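Just below is one structure, and these are the notes that go with it.
Numbering (our numbering), first residue to last: 424 to 567.
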């Protein structure tokens with residue numbers, strides 16, 4: 424099965440997020456996911472199968488904490504009011520979502536429960552947050 428056929432097949436994984444946020448969240452199609460990935464994730468090199476390589480990029484924040492409170496503080500510290508955010512998971516079977524960054528902060532624990540690893544692209548600020556369970560958060564400017 425190719426990536427496009429696998430994409431979004433585990434929509435149930437985001438059911439709690441969809442319920443918590445309601446109509447304020449948009450589940451992305453495969454094409455939308457790939458378009459946003461081209462503007463963010465794809466501009467970094469890979470360091471393994473689910474990590475980005477930060478060397479040579481502008482890292483603006485790092486922390487070892489990886490709980491909901493730290494995710495909330497990190498998103499609020501780097502997002503502009505009303506900013507669009509895209510959440511990518513470490514498995515294409517779980518569809519990416521688009522929502523206001525403040526909603527990610529409001530529902531940080533729900534975001535964490537979906538998958539242990541994710542990336543949050545703050546579209547207006549061109550900032551990417553990488554979260555790895557047990558390893559913390561890294562925040563970097565997306566290369567131009």
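The C-beta atom is built at its ideal place from N, Cα and C for all residues, glycine as well.
The structure displayed is predicted, hence computed values, not measured ones.
With a cut-off of 8 angstroms on Cβ pairs, the region 495–510 is in contact with the region 546–558, counting three or more such pairs. Residues 491 of the same chain have their beta carbon placed closer than 6 angstroms to that of residue 532, with the five preceding and five following residues left out of the count. In this structure, residue 548 lies near residue 503, with their beta-carbon atoms less than 7 angstroms apart. Residue 433 places its beta carbon less than 7 angstroms from that of residue 516. Considering only 469, 463, 446 and 514, the residue with the shortest C-alpha distance to residue 544 is 463. In the DSSP assignment, residue 520 forms a beta bridge with 450 and 510. Annotation for residue 538: 436, 512, 513, 514 and 517 place their beta carbon closer than 8 angstroms to its own, counting only its chain and skipping 5 residues before and after.
Its Cα nearest to that of residue 565, the residue 460 stands out among 522, 541 and 460. The C-beta distance from residue 486 to residue 431 rounds to 31 angstroms, too long to meet the 8 angstroms contact threshold.
In the three-state reduction of the DSSP assignment, residue 487 falls in the coil class, being assigned neither a helical nor a strand state.
When rounded, the separation of the alpha-carbon atoms in residue 494 and residue 465 is 22 angstroms. By the Cβ-count criterion, residue 427 is exposed, with fewer than 16 other Cβ atoms from all chains shown falling within 10 Å of its own Cβ.
Looking at the backbone, the Cα of residue 439 and that of residue 536 are separated by about 9 angstroms.
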